[in-house]
Amino acid sequence: MTNSMSNVEFVKALIIQHVRPHVIDIIDQHQIGFEVDQNEIHLLLLALKNAGWIQMSYLSAIDWPGENKFEVVYVLFNWDKPVYVQLRTKIDRTNPVIDSIIQIYPGAKYYERECHEFFGIAFPGNPDHHKQLILEQWDDIPPLRKDFDPKAYSDRKFPQRTYTEDYSLSNSESTKVEKRKLRKQRAESLKGGKKQ
Amino acid sequence: MRQMKLFLGPQHPGMHGNASVHLFVDGDIIKRSYLLPGMLHRGFEKAMERKLWVNNISLIPRVCVPEPDINEMAYAQGAEKLLKLEIPERAHWIRMIMLELARISAHLMSYGGLGGPTGHYTLMYHAHADRNSILDIFEKISGARVYHQYIVIGGVRQDLPKGIEKDINAFLDDLESRYIEYRDLGIENPSVIARIKDTIMLPEEVVWELGVTGIGMRSAVGKPYDLRKVMPYARYDQVEFEVPTSTYSDARSRVDIKLKELVQSISIIRQCLKKMPEGPVRVKPSRGQSMRWKVPKGYVYSPVESSRGEFGYYMVSDGGINPYRIGVRGASYPQGLLGIEKYMPGTRIDDCALWVDTMGICSPEIDR
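Protein chains in written order, with numbering that gives the first Met the number 0: chain E, 0 to 195; chain R, 0 to 367.
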């Protein structure tokens, strides 16, 4: 069973029966990915659940600011036909909304909550999706978006620390010269065929 | 009676790691409960996007503290799938030895952790002493005790040191000889049985509702649903082992399965040491020096069976030198968050610590 591609082909046939996916990528004999439209997700999840993909392993999102899209991804697994199915769908980035799937997979509740916290995607249908989970008193754009810069955030949020001595190499000209000298010395010592 | 709010953790002998369970209790019956994660949130997923593919090896073991090797395996395996890389035969076997040693160490730690909520600290000291011997072996192999950074993209970092087989075999023999003693200390001990038998039930329909994997699922469903058997990675298809199961999932049967898995892991390591071929242990994943390694475009989900269940990395590459997005699926995510919210109410305060222990809830992997 595990050596054949038949399970992957089975999933592919099942999906094609219902919709016409934009992209199908077969990763290996245990994994297949589909990219579909937003309004087809619930239909496909239901179809897969009825066919035995009863475990929802992962739900998250990927940010594509260039296309102005979020990609929401659902990973499902069937223990009797061992194939991971990735369902991906692209949604609008300026007003990201996708219906919750907790009616189909109740286990998705906290994944959706986390996704809302880190990407700002709303999941209507999930009663708790807007509550804070991990980040306490967050006051910036959701942190896993690509345009969030952690360095700028920490510079703004936390006081600059003052050091009594300057250990940085980049600013001081003298240390640069010293460093170059040391590097040269080391190179010279290695050139003589001496091995440490 | 008036409802009262109680905090279980982060400072509590029965609580593992820095998370806190908020309990609203009436007498000692829990009426409402939820987990408060976030005390260990370090922004790993964001940090990984900003580092190189090779840099992340030093970051990811921190995602799960008691069992760091599964992170390395899931990450390396996922990147290899994207690269379509075949790694040397010997590396697969060394990886399996590391993973199984890590499984034994995690099971020992969690079995010892049972000593906290049940008040048998002897168990904890014995288990931690044995875990320490595993850490010694890890130190000899990789140079580090807890965070090994040993399984890398393309194989393992270096070959096993000479004579390590002797150390590993000596340890395994020692552990096996005291297996009965371990059972007597813990799950055969009448006072522990009184605490763990028929408590914290996990029916089969709840497993599917929450999406629980690992020992929790196998103890309820009664089928060998283990990723090592169902879709073998590394060379798990070439070793013989059994997957212990049961159909009645109380705290005791879950601990029992944990101990039975320990025996299976011992047997897997012995087989690995026998079957392991000689040869190289590492290949270069990509052209050029490691700072410029590129991974082709793609999406991949890379799962590994950890001691707590299915542990996976969702990896996206845009063809550059940094990962585009890496998402971590913690094995204890469903039972830790939704499980505590939905299935703790109705039980007693002291049972909550047993749920946390026997379902293997690991707070760093919930927070990331």
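Heads up, the beta-carbon is just placed ideally off N, CA and C, and yes, glycines get one too.
Same chain, Cβ closer than 6 Å to R:Q148, neighbours up to 5 away in sequence not counted: Once the five neighbours on either side are set aside, the close Cβ partners of R:Q148 are I56 and S57.
Buried or exposed: where does R:M216 fall if 16 or more other Cβ atoms within 10 Å of its Cβ makes it buried? With 16 or more other Cβ atoms inside 10 Å of its own Cβ, R:M216 counts as buried.
Do R:R367 and R:H15 have their CB atoms nearer than 8 Å? In this structure, the beta-carbon distance from R:R367 to R:H15 does not fall below 8 Å.
Out of curiosity, what's the CA-to-CA distance linking E:V35 and R:S362? Cα to Cα, E:V35 sits roughly 34 Å from R:S362.
Consult DSSP for R:L159 and reduce its assignment to one of helix, strand or coil. Coil.
Below-8 Å beta-carbon distance, R:M358 vs any chain C residue: Among the protein chains in the structure shown, which are E and R, there is no chain C.
Buried versus exposed, by CB contacts within 10 Å (16 or more), R:G153: In this structure R:G153 is buried. Its beta-carbon is surrounded by 16 or more other beta-carbon atoms within 10 angstroms.
Between which residues of its own chain and E:E177 is the CB-CB distance below 8 Å, once the five residues before and five after are set aside? Correct list: empty, nothing qualifies.
Beta-carbon of E:E177 versus every beta-carbon of chain R: anything under 8 Å? No, its Cβ sits nowhere closer than 8 Å to a Cβ of chain R.
Mind checking whether E:V10 and E:V96 have CB atoms under 8 Å apart? No, Cβ-Cβ distance for E:V10 and E:V96 is not below 8 Å.
Separation of R:P322 from E:F33, as counted between CA atoms: Spanning the two alpha carbons is a distance of roughly 21 Å.
On a Cα-Cα basis, can you pick out the residue from R:E340, R:S301 and R:V315 that is closest to R:A330? Among R:E340, R:S301 and R:V315, the Cα nearest to that of R:A330 belongs to R:S301.
For the candidate residues E:Y57, E:V74, E:D138 and E:K89, whose alpha-carbon lies nearest to that of E:G65? Residue E:K89 holds the alpha-carbon nearest to the alpha-carbon of E:G65 among E:Y57, E:V74, E:D138 and E:K89.
Output the boundary residues of the alpha helix (DSSP H) element that contains R:M230. Going by DSSP, R:M230 is part of no alpha helix (DSSP H) at all; its letter is neither H nor E.
Using DSSP's beta-bridge definition, name the partner residues of R:S176. According to DSSP, R:S176 bridges with nothing at all.
Quick test of your reading: R:M3 and R:A18, contact by CB under 8 Å. State the CB separation rounded to the nearest angstrom. Actually they do not touch by this definition, with Cβ atoms about 21 Å apart.
Kindly say whether R:P36, judged by its beta-carbon, lies nearer than 8 Å to any beta-carbon of chain E. Among the CB atoms of chain E, one or more fall inside 8 Å of the CB of R:P36.
Quick check: the segment 246-262 of chain R against the segment 279-291 of chain R, are there 3 or more CB pairs under 8 Å? Flag = no, the segment 246-262 of chain R and the segment 279-291 of chain R do not touch.
Select from E:L132, E:N77 and E:Y73 the residue whose C-alpha is nearest the C-alpha of R:L226. Comparing Cα-Cα distances from R:L226 to each of E:L132, E:N77 and E:Y73, the minimum goes to E:N77.
On the DSSP letters alone, give me the boundaries of the alpha helix (DSSP H) that R:K341 sits inside. Element bounds for R:K341: G338 to Y342.
Please tell me whether E:Y73 has its Cβ less than 8 Å away from any Cβ of chain R. Judged by the 8 Å Cβ criterion, E:Y73 is not in contact with chain R.
Note down, in chain order, each residue of its chain lying with its Cβ closer than 6 Å to the Cβ of R:L134, except the 5 sequence neighbours on either side. Answer for R:L134: R144, listed in chain order.
Quick check on R:M358: buried or exposed, where buried means 16 or more other Cβ atoms within 10 Å of its Cβ? With 16 or more other Cβ atoms within 10 Å, it is buried.
Give the range of the beta strand (DSSP E) segment to which E:A60 is assigned. For E:A60, the enclosing beta strand (DSSP E) has its first and last residue at Q54 to W63.
Consider the Cβ of R:P333: report whether some Cβ of chain E lies at a distance smaller than 8 Å. It does: the Cβ of R:P333 has a partner Cβ on chain E nearer than 8 Å.
Bridge partners - E:A121, DSSP secondary structure assignment: DSSP lists E:V96 as partners of E:A121.
Ordered along the chain, which non-local residues of its own chain (more than five positions away) have a Cβ less than 7 Å from that of R:Y298? Result list for R:Y298: V315, in chain order.
Any chain R beta carbon closer than 8 Å to E:K108: Cβ-Cβ to chain R under 8 Å: yes for E:K108.
E:M55 touches chain R at which residues, Cβ-Cβ below 7 Å? Ordered by position in chain R, the residues that pass the 7 Å Cβ test against E:M55 are G210.
Using a beta-carbon distance below 8 Å, is E:I120 in contact with chain R? No, because no Cβ of chain R sits closer than 8 Å to the Cβ of E:I120.
Can you tell which of E:P142, E:D24, E:L143 and E:Q54 has its C-alpha closest to the C-alpha of E:V74? Of the listed residues, the one whose Cα sits closest to E:V74 is E:Q54.
Going along chain R, which residues have a C-beta under 8 Å from E:D27? By Cβ distance, chain R contributes K80.
Chain E contact for R:D366 (CB, 8 Å cutoff): Answer yes: the Cβ-Cβ gap between R:D366 and chain E drops below 8 Å somewhere.
Over the uninterrupted beta strand (DSSP E) stretch that includes R:G326, give me the two end residues. It spans R324 to R328 - the beta strand (DSSP E) in which R:G326 sits, taken as one unbroken run.
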